[in-house]
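Heads up, the thing below is written out as structure tokens.
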Amino acid sequence: MGHNLLYIALGGSLGSICRFLIAYLLRRVDFSFPVGTMIANLLGCILIGVFYTLVKNDYFLSQEIRYIGIIGFCGSFTTFSSFVYENLVLIEKGQLLTFALYASLSFILGLACIIIGVRA
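Residue numbering for the sequence shown follows this note's numbering, starting at 1 and increasing by one per position.
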């Protein structure tokens, strides 16, 4: 159990660093909604789809890689809590059209990205 927690922590730290770098690199671009979070979520969906397929089809993924990749990296890289918070802020600001666009695109494109990852 202790080793598994270390693997999850390793993946989690890498995922959160990558998520930060995406937001950092996009900070100078003024979008109408939080594009950095959406990009992290979409990339994370592709990765989860790939990992899911590899695990499902038993492609030589060790248990350690599952903990590092799926639970650790993707768990911290994708940002559902940030996504929900950003949607709440858009609603509170009265930006209902932007909220609807952001929430819809994130969900539809996220599902599409998981399908892409599964088929990759």
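Glycine residues also receive a C-beta, built at the ideal position from the N, C-alpha and C atoms. All values reported here derive from a predicted model rather than from experimental measurement.
Can the beta-carbon of residue i be found closer than 7 Å to that of residue j?
i: Ile-68; j: Leu-10; result: yes
i: Asn-87; j: Ala-112; result: no
i: Gly-117; j: Ser-76; result: no
i: Ile-91; j: Phe-80; result: no
i: Ile-22; j: Ile-39; result: yes
i: Leu-43; j: Leu-54; result: no
Round the Cβ separation of residue i and residue j to the nearest angstrom and send it over; I've been treating them as touching at under 8 Å.
i: Asn-41; j: Phe-73; result: At roughly 14 Å, the Cβ-Cβ gap does not stay under 8 Å, so Asn-41 and Phe-73 are not in contact.
i: Leu-26; j: Gly-36; result: 5 Å
i: Gly-110; j: Cys-45; result: 5 Å
Give the secondary structure of residue i by DSSP, where H, G and I count as helix, E and B as strand, and everything else as coil.
i: Met-38; result: helix
i: Arg-119; result: helix
i: Ser-81; result: helix
i: Val-29; result: coil
i: Gly-11; result: helix
i: Gly-2; result: helix
i: Gly-75; result: helix
- Ordered list of beta strand (DSSP E) runs contained in the region 42-73, each at least 3 residues: Listed in chain order, there is nothing to give.
- Query: With contact counted as at least three CB pairs below 8 Å, one residue from each stretch, are the region 87-96 and the region 39-59 in contact?
  - Reply: Contact annotation: the region 87-96 does not touch the region 39-59, with fewer than three C-beta pairs closer than 8 Å.
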